[in-house]
Amino acid sequence: MAPAVSAAFLSSLVEAVEALTIVLSVATVRGWRPAGLGALAGLATLALIVLVLGPLLDRVPLHALQLVIGVLLLLFGMRWLRKAILRAAGVIPLHDEALAFATGTAALREQAHHGTRLDWLAGLAAYKAMLLEGLEVVFVVIAVGAGRGLLVPASIGALAACALVAAVGFAVHRPLARVPENTLKFTVGVMLSAFGVFWTGEGLGVPWLGEDLAILGFAALFLIVAVAAVRLVRSPAVQAIS
Amino acid sequence: MKTLINIFRELAGLFIDDGLLALAISVVVVFAALVAAIAPAVPIAAGSVLLVGCLGVLFSNVIRAGKR
């Protein structure tokens, strides 16, 4: 249960920080009304999606569900891990919440000079941020929790992360730039990729040695490969080739 | 409509960032499924293909991106 809850908590932490940055940008430029309404509308849409699609999960055959979720987890987790490796190696810049906040507010102020529908646009930005980042959270919760009866613990982990970020963010009224986002993405990328291999294998009928414990072994292997890749990409030999 | 298309694009972007990585993962999964179908008596073979394939795809993709 612990890997599922930690994966849901850590990935939700990252997504919640990103959503908070955009909602704070909107609130800073246009006030809390459009930011709050947009964010609430995003949450309502998310709740609707979960209520409509949630019960359908029980109707999907287990192996098919495991295979589909496993493949999506591989695509999602390895995408995160690849980006985290390249950021750790210095190939692409680190994600900077303070910069994202500055860019977001600047874009909203720029729009203010060109039109009068700013409240609507600002609310839409908050709505989109909440919906898209929230969908990632919902996906991770379903992916790590479905098929093993861990939906409730995984949801609690995700909700705890969102509540934590919301509480800290609204208390400091600033984007949470000190969260070690790349380290979190690295960790979550490793965990989600390991879950992805496990579920895809289960969907294909592979009886993994050690059953659920195999996930920890896969995570260790992904971690070793990721750390080796960071060191190799950072090394002068590779830089000389490029 | 434009907003919906943008949201759909961003949704697809959740899973596909680097097209080659997504394609390579899909190839590994299809290959593992073929091995599972061809050799049902040795299901661990499909698991090995899946695990080693994913690790290999990640490593080679990152090294290639680092050289670019």
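Chains as they are written, first to last, in this note's numbering: chain A, 365 to 606; chain B, 20 to 87.
Each residue gets a CB set at the ideal place from its N, CA and C atoms; glycine is no exception.
The structure presented is a predicted model; accordingly, all values stated were derived computationally and were not measured.
- Interface residue (Cβ-Cβ distance to chain B less than 9 Å): A/Ser389 is not classified as such.
- Contact annotation: in the region 543 to 565 of chain A, residues whose CB is within less than 8 Å of a CB in chain B are Ser557, Gly560, Val561, Thr564, Gly565.
- Listed in chain order, the non-local C-beta contacts of A/Leu438 below 8 Å within the same chain comprise Ser557, Gly560, Val561, Thr564, local neighbours out to five positions each way being set aside.
- Counting only runs that start and end inside the region 473 to 528 of chain A, there is no beta strand (DSSP E) element of at least 3 residues.
- When CB distances to chain A are screened at a threshold of 7 Å, the residues of the region 50 to 62 of chain B falling below it are Ala51, Ala52, Ala55, Pro62, in chain order.
- Taking a contact to require three or more Cβ pairs closer than 8 Å, the region 433 to 451 of chain A and the region 543 to 554 of chain A qualify as touching.
- Contact between B/Ala51 and B/Gly72 is confirmed by a C-beta separation of about 7 Å, below the 8 Å threshold.
- If the five residues before and after A/Ser375 are omitted, its C-beta is found closer than 6 Å to the C-beta atoms of Val504, Val552, all from its own chain and listed in chain order.
- For A/Arg423, no alpha helix (DSSP H) encloses it, and the DSSP letter there is neither H nor E.
- B/Ile24 is outside the set of residues whose beta carbon lies under 9 Å from a beta carbon in chain A.
- Counted as a single uninterrupted DSSP element, the alpha helix (DSSP H) harbouring B/Gly66 occupies residues 62 to 86.
- Around the Cβ of A/Trp484, a 10 Å sphere holds fewer than 16 other Cβ atoms; the residue is exposed.
- Residue contact check for A/Ile520 against chain B: no CB pair falls below 9 Å.
- Here A/Glu382 is buried, its C-beta having at least 16 other C-beta atoms within 10 Å.
- Under the rule that a run must span 4 or more residues, the alpha helix (DSSP H) segments found entirely inside the region 366 to 425 of chain A read 366 to 394, 396 to 417.
- The shortest CA-to-CA distance from A/Ala590 to any of B/Ser79, B/Arg87, B/Lys86 is the one to B/Ser79.
- In this structure, DSSP gives A/Trp572 a state outside helix and strand, which the three-state scheme calls coil.
- Under the 8 Å Cβ criterion, the region 525 to 534 of chain A does not count as touching the region 455 to 471 of chain A, having fewer than three qualifying pairs.
- Taking the Cα of A/Leu472 as reference, the smallest distance to any Cα among A/Ala453, A/Leu426, A/Ala593, A/Ile386 is reached at A/Ile386.
- Counting only Cβ-Cβ distances below 8 Å, A/Met442 has contacts in chain B at Leu40, Ile44, Cys73, Val76, Leu77, in chain order.
- A straight-line Cα-Cα distance of about 18 Å links A/Val369 and A/Glu497.
- Put simply, the backbone Cα of A/Ala391 is about 24 Å away from that of A/Pro544.
- For B/Ala65, the neighbours in chain A by C-beta distance under 9 Å run, in chain order, Gly565, Leu568, Gly569, Val570.
- Closer than 9 Å to the CB of A/Arg394 there is not a single CB belonging to chain B.
- Rounded to whole angstroms, A/Ala510 and A/Leu488 show a C-alpha spacing of 31 Å.
- DSSP places A/Leu585 within a helical segment (H, G or I) once states are collapsed to three.
- Between B/Val76 and B/Val54 a beta carbon distance of about 16 Å is seen, past the 8 Å cut, so the two are scored as non-contacting.
- With a threshold of 9 Å between beta carbons, A/Ile506 makes no contact with chain B.
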